[in-house]
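Here's the structure, in structure tokens; my notes come after.
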């Protein structure tokens with residue numbers, strides 16, 4: 002029985018993963034899992050990077066879909082969230098000292114877990130903050146990652162009471178006056194489904210909330226001022242023409258069209274200067290496209306399948322088959 006991962010009745014663990022902890026940058030303890038496909042021939046390994054305030058458990062469904070395609074999945078919880086070591090005494094605060102710490106953790110994960118223990122070729126699938134980490138690391142990933150798919154990468158900030166400019170001013174001031182650990186918003190309990198910015202699929206929304214209700218230690222509260230400062234500084238850097246020109250890993254950006262957290266305009270602008278990148282819009286989808294209704298989620302997976310070699314799911318006879326749907330439209 003796996004005690005590192007935490008299933009719920011509606012969210013079982015896919016297969017029999019290898020689980021454990023590895024030491025990230027500066028010795029921070031990070032939880033990881035490798036999910037092997039049971040297909041006779043491996044088509045490679047997907048390195049899966051989550052968003053802020055997410056955990057491995059939230060992606061069990063997507064991991065199962067990827068395994069059905071003959072792909073292994075290697076994933077981990079970022080420092081300061083999920084089942085990984087928290088960075089502050091108040092474990093609810095989402096904090097990071099430097100955004101480059103996330104990038105170094107990814108490099109260590111590739112060196113210590115992915116390269117020795119999984120199957121070539123390597124692909125990267127990232128959502129939101131994971132997409133920002135991937136973009137930041139991308140110039141150095143050319144010899145290790147064959148292709149990247151970024152779902153709603155966190156390259157702009159929307160849906161907040163304060164404007165991005167005011168958030169930047171306040172978070173910068175707090176960071177450089179010794180108040181980088183404060184949060185600019187209050188810690189709130191689980192929000193209801195109505196008017197949520199993440200997904201229009203109530204079944205998946207409630208499934209994800211059930212994970213947090215049963216295992217509250219996986220949850221995270223609001224980000225600190227330092228986290229916001231570091232994230233916005235990184236957004237500006239990765240969106241520059243110079244940085245984008247330095248990325249040679251072929252990339253697809255799957256951009257939800259109704260995303261209040263990372264508005265579509267930011268993702269569209271990013272793609273204009275990204276020579277190795279291609280934009281795939283998904284009109285109507287909210288931010289968490291892999292947690293969305295089937296009609297939107299299927300479009301995201303179709304973009305993945307078209308871009309990643311051998312992406313189509315297979316049945317037992319080796320023929321392509323569709324992954325089972327959780328909801329009906």
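In the numbering used here, the protein residues as written are 2 to 330. Beta carbons are placed, not taken as given, at the ideal position from N, Cα and C, and that holds for glycine.
- Only residues of its own chain outside the window of five on either side were considered, and among them 152, 255, 283, 290, 291 have a CB closer than 7 Å to the CB of residue 301, listed in chain order.
- If you draw a straight line from the Cα of residue 138 to the Cα of residue 190, it is about 33 Å long.
- The Cβ neighbour count for residue 144, taken over all protein chains shown within 10 Å, is under 16; the residue is labelled exposed.
- For residue 297, the CB contacts under 7 Å within the same chain, skipping 5 residues up- and downstream, are 283, 285, 286, 290 in chain order.
- Among the bridge pairs identified by DSSP, residue 12 is matched with 9.
- As the crow flies, the alpha-carbon of residue 231 is around 41 Å from that of residue 40.
- Annotation: residue 188 to residue 44 spans about 42 Å, alpha carbon to alpha carbon.
- Non-local beta-carbon contacts of residue 88 in its own chain, meaning distances under 6 Å to residues more than five positions away in sequence, involve 81, 96 in chain order.
- Per DSSP, the continuous beta strand (DSSP E) segment holding residue 282 begins and ends at 278 to 283.
- 99 is the residue among 31, 99, 34 whose C-alpha sits nearest the C-alpha of residue 226.
- Residue 181 and residue 223 have their C-alpha atoms roughly 13 Å apart.
- With a cutoff of 7 Å on beta-carbon distance, residue 218 and residue 105 are scored as not near each other.
- Remark: three or more beta-carbon pairs, one from each stretch, lie closer than 8 Å, so the segment 114 to 123 and the segment 68 to 87 are flagged as touching.
- Taking C-beta atoms under 8 Å as the contact rule, residue 136 and residue 122 fail to qualify, at a distance of about 20 Å.
- Between the beta-carbon of residue 31 and that of residue 20 there is about 12 Å, and that puts the pair past the 8 Å contact cut.
- Beta-bridge analysis with DSSP links residue 22 to 32.
- A straight-line Cα-Cα distance of about 26 Å links residue 271 and residue 60.
- For the set 4, 260, 216, the Cα lying nearest the Cα of residue 18 is the one of 4.
- Taken in chain order, the complete alpha helix (DSSP H) segments of 4 residues or longer contained in the segment 30 to 105 are 61 to 69.
- Rounded to the nearest angstrom, the Cβ distance from residue 308 to residue 150 is 6 Å, consistent with a contact under 8 Å.
- In the three-state reduction of the DSSP assignment, residue 183 falls in the coil class, being assigned neither a helical nor a strand state.
- The residues 14, 58, 61, in chain order, have a CB closer than 8 Å to that of residue 8 in the same chain once the five nearest residues on each side in sequence are set aside.
- Counting only the Cα atoms, residue 10 lies some 44 Å from residue 244.
- DSSP, reduced to helix, strand and coil, places residue 213 within a helical segment of the structure shown.
- Closest option to residue 274, judged by alpha-carbon separation, among 266, 242, 251, 295: 242.
- For residue 128, the closest alpha carbon among the candidates 277, 262, 266, 294 is that of 262.
- Excluding sequence positions up to five before and after residue 194, its CB lies within less than 6 Å of the CB of 203, 206, all in the same chain and listed in chain order.
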